[in-house]
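Peer 1: When you read off a place in the sequence shown, starting at 1, and then add 9, the result is the number in the numbering used here.
Where a beta carbon is used, it is the ideal one built from N, C-alpha and C, also for glycine.
The model shown is predicted, which means the values in this text are computed figures rather than measured ones.
Can you read through this structure? Questions will come right after.
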Amino acid sequence: MNVKLFLVAVGLMMLAGLFFFFALGYFDVPRERRRYEIVALWLCLGLASLGSSLYIISVT
């Protein structure tokens with residue numbers, strides 16, 4: 010198991026969770042400012058998928 014890769018993967022998934030909670034705060038804003046919510050949700054999805062892929066690589 011590659012420990013550095015494991016720690017990077019866990020850190021990325023934690024960062025994705027943090028951005029997800031920031032994105033939840035944008036649900037009650039006016040329609041014009043919703044683009045920040047969409048960008049934050051795509052960032053969450055990208056970080057989580059990258060983190061989970063690195064996690065699988067580090068464990069195997």
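Between the C-alpha atoms of residue 12 and residue 21, what's the straight-line distance to the nearest angstrom?
Peer 2: About 14 Å.
Peer 1: Measuring straight from C-alpha to C-alpha, what distance separates residue 53 and residue 61?
Peer 2: Approximately 12 Å between the Cα atoms of the pair.
Peer 1: May I have the straight-line CA-CA distance separating residue 28 from residue 10, to the nearest angstrom?
Peer 2: Using only the alpha carbons, I get a separation of about 28 Å.
Peer 1: Could you pull out every residue in the same chain whose Cβ sits closer than 7 Å to the Cβ of residue 50, ignoring the five residues on either side in sequence?
Peer 2: If we look at residue 50 and ignore the five residues flanking it on each side, its Cβ neighbours are 32.
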